[in-house]
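Here is the structure we will look at, set down as structure tokens.
Structural data, given as structure tokens:
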């Protein structure tokens, strides 16, 4: 992808990749990401890494319950978020 398209894709993932929980994901995890109704989550630290997790149990907002907990713990312990 071009730098412009990459920037737009990351921005879309950051602002609406988790349905009604995008703000919480941004606050708790600090990465652009996208969830799926099958329990998968992909998150990106631009130009550094990408990570994917899967756990089928969904929370009330339709996102992977354990996946979100893991990513929050991962970025907290490693200090590898964009914020």
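Residue numbers (this note's numbering): 2 to 84.
Positions of the beta carbon are idealized from the N, C-alpha and C atoms, including for glycine.
Between the CA atoms of residue 74 and residue 87 - distance to the nearest angstrom: Shown here, the chain extends from 2 to 84; a query on residue 87 therefore has no answer.
Under the three-state DSSP convention, the category residue 59 falls into: In the three-state reduction of the DSSP assignment, residue 59 falls in the strand class.
Counted within 10 angstroms of its Cβ, other Cβ atoms place residue 39 as buried (16 or more) or exposed: Residue 39 comes out exposed.
DSSP-derived helix/strand/coil call for residue 3: In this structure, residue 3 counts as coil in the three-state DSSP scheme.
Cβ pair residue 68, residue 82 closer than 8 Å: Going by C-beta atoms, residue 68 is not nearer than 8 Å to residue 82.
Pairwise C-alpha distance: residue 8 and residue 70: Answer to the nearest angstrom: the Cα atoms are 26 Å apart.
Backbone CA spacing between residue 12 and residue 58 [nearest angstrom]: Distance between the alpha carbons of residue 12 and residue 58 is about 26 Å.
Which residues DSSP lists as bridging residue 44, in chain order: Bridge partners of residue 44: 34, 52.
Whether residue 79 touches residue 32 by CB criterion (8 Å): No, the Cβ-Cβ distance between residue 79 and residue 32 is not below 8 Å.
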